[in-house]
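Report on the structure given below.
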Amino acid sequence: AFIPINCRVVKRASEFDGSWTIFDSGLMDDLSRETYEAFARDIVDYDARTRRLKKVGLWTIQLAAQALFIGLAGQLA
Numbered sequence: 008a009f010i011p012i013n014c015r016v017v018k019r020a021s022e023f024d025g026s027w028t029i030f031d032s033g034l035m036d037d038l039s040r041e042t043y044e045a046f047a048r049d050i051v052d053y054d055a056r057t058r059r060l061k062k063v064g065l066w067t068i069q070l071a072a073q074a075l076f077i078g079l080a081g082q083l084a
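Numbering (the working numbering), first residue to last: 8 to 84.
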C-alpha cells in the first residue's frame, strides 16, 4: 500500500548536458523540493488528509486481520 502524492518537475534538456547522474543535473534537488511541497500541500488540505487517514486506517485493519488469520492457520496445522 502507498499514499500517492502528485508533483511535476520540468527541466530544460540543456540542464542535462554533461551530467552523468541525476545529482549532477540538479534533478534530485528539484525532485526533493517538489515532493516536499506536494506533501506539504496534502497535509494542509483537509480533504486529502482525511482520505489519507482512511487509507492508512483501512490498511492497518487489513494487516491486523491478515496477521490474525495467519496465526489461526498456524494453530490449525
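Idealized CB from N, CA, C, for every residue including glycine.
For ALA71, the enclosing alpha helix (DSSP H) covers residues 53-83. Rounded to whole angstroms, the separation of the alpha carbons of PHE76 and VAL16 is 44 Å.
Across the structure, ILE50 and THR67 are spaced so that their CA atoms are roughly 20 Å apart.
In the three-state reduction of the DSSP assignment, ILE50 falls in the helix class, which pools H, G and I.
Excluding sequence positions up to five before and after PHE46, its CB lies within less than 8 Å of the CB of ILE12, all in the same chain and listed in chain order.
Here LYS18 is actually not in contact with ASP36; their C-beta atoms are around 11 Å apart, not less than 8 Å.
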